[in-house]
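Have a look at the structure below, then the notes.
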Amino acid sequence: MADDLDSWSDDLAAWEVCSSNSTVCPDPYASESISLACSYAYKNATPGCTLGDEYFLSRLPIVKQRLAQGGIRLATTLNRIFASPRLILPHEDTQDCGSEFGITIHSNIIIQPISCL
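Residue numbers for the sequence shown follow our numbering, beginning at 345 and rising by one.
Spelled out as structure tokens, the structure:
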């Protein structure tokens, strides 16, 4: 695993980037997963066949990388969430939800206070 970390060290900063500069951005991550599934996971796998060790071992480097990316991206997302006192979520309507819920909507975004105990 240490060799894997060395080979990925140049990629770590790119894994933290959220293209829309949002708190979370699952769409590009899901697109990556779909592309890798089509290119590797399902390649040469046919319905009803038994997948052997060679199949699993040949895909293991990608599985390790995706787990590492997931960990980096989760940590980055949590850092974004807890770095600011408020979580900003996209919303389509502009309305007053009332103070009883601790939510106020302005200019098509929901601003929800976050408290850490």
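By construction, the Cβ of each residue, glycine as well, lies at the ideal position given by its N, Cα and C atoms.
From this set, Ser366, Tyr373, Asp397, which residue's C-alpha is nearest glycine 415's C-alpha?
On the sequence shown, position 71 is the one that residue 415 refers to. If we check each option's Cα against that of glycine 415, Tyr373 comes out closest.
DSSP-derived helix/strand/coil call for aspartate 350:
On the sequence shown, residue 350 is found 6 positions in, with the first residue counted as 1. Helix, per DSSP.
Looking at the secondary structure, which residues open and close the alpha helix (DSSP H) in which proline 405 lies?
Here residue 405 is taken as the residue at index 61 of the sequence shown, counted from 1. It spans 397 to 427 - the alpha helix (DSSP H) in which proline 405 sits, taken as one unbroken run.
Please report the residue range of the alpha helix (DSSP H) in which serine 309 lies.
Lying before the first or after the last residue shown, residue 309 is absent from the chain, which here runs from 345 to 461.
Roughly how far, in whole angstroms, is the beta-carbon of glutamate 376 from the beta-carbon of threonine 420, given that I think they are within contact range, below 8 Å?
Within the sequence shown, numbered from 1, the residue matching residue 376 stands at position 32. Within the sequence shown, numbered from 1, the residue matching residue 420 stands at position 76. The Cβ separation is near 15 Å, so there is no contact.
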